[in-house]
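Numbering (my numbering), first residue to last: 521 to 756.
In what follows, a structure is listed as structure tokens, so that the remarks can point back to it.
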């Protein structure tokens, strides 16, 4: 199902695969220069692990250079210029998630947001600006839009995933985000995928879903199937 407003697509929605499975809301934020339809294979792979979930792939806000592709914010200028644009995108995403939660009867405590690239950066900002809208963020190849403020507290669980060979969004961004999020008290993990660039393949989908399952069923598994995130000292 596609949700529209004044002729504009807001999101692509997929109903639960299994009505008897636990009800959740999975929200996906595609990368720069993409579309909800292009990101659908990733969302479907996630839904196979969470068959009771309503899936919504949100459409980004800004037209990209090649129609019908979209960006979440204008990438022009230096990174410091992006923060207000990212904040505006996160606020719009929060409004759309609120509408989805009302329509499907799922609260923020059962909402997971998965973002890639620009979408990951917006998802991280969303966790800071509207923490009531989500419980878990999975950020692939993203970064924090602004430094963590002194005394800032972040309640969401955040799983950072980044390709070691990413040249478009270097892995140092996720390493820095890990340090800042941990300092703010977030429950955060960092996985760096060897021999991987700026992309999400099936192995990274598996990694992301496993991290979320570990969060949901913490304590039931004696040994996680993936290495634990490095300590802050190794990320200096």
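Glycine is no exception: its CB is placed at the ideal position from the N, C-alpha and C atoms.
This structure is a prediction, so every number in the text was calculated from the model and none was measured.
In chain order, what residues of the same chain have a beta carbon less than 8 Å from the beta carbon of residue 689, not counting five sequence neighbours either side? Here residue 689 has 637, 661, 662, 663, 682 and 718 as same chain residues with Cβ atoms under 8 Å from its own Cβ, once five neighbours each way along the sequence are excluded.
Helix, strand or coil for residue 687, going by three-state DSSP, please let me know. coil
Relative to the C-alpha of residue 534, which candidate in 555, 541, 577 and 550 has its C-alpha closest? 577
Residues in the same chain with beta-carbon distance under 6 Å from residue 565, minus the five sequence neighbours each way, listed in chain order, please. 725
Check whether the Cβ atoms of residue 546 and residue 529 sit closer than 8 Å, and answer yes or no. no
When burial is assigned at 16 or more other CB atoms within 10 Å of the CB, is residue 645 buried or exposed? Its Cβ being crowded by 16 or more others within 10 Å, residue 645 is buried.
Reducing DSSP to helix, strand and coil, say where residue 707 ends up. strand
Report the partner residues of residue 591 according to the DSSP bridge assignment. 582
For residue 536 and residue 611, I'd like the C-alpha separation in whole angstroms. 26 Å
For residue 593, which residues in the same chain have their Cβ closer than 8 Å to its Cβ, ignoring the five residues on either side in sequence? 581, 582, 602, 605, 606, 608, 609, 638 and 642
Classification of residue 653 by the beta-carbon crowding that lies within 10 angstroms, buried from 16 upward: buried
What would DSSP say about residue 664, mapped onto helix, strand or coil? coil
Rounded to the nearest angstrom, what separates residue 617 and residue 623 at their Cα positions? Using only the alpha carbons, I get a separation of about 10 Å.
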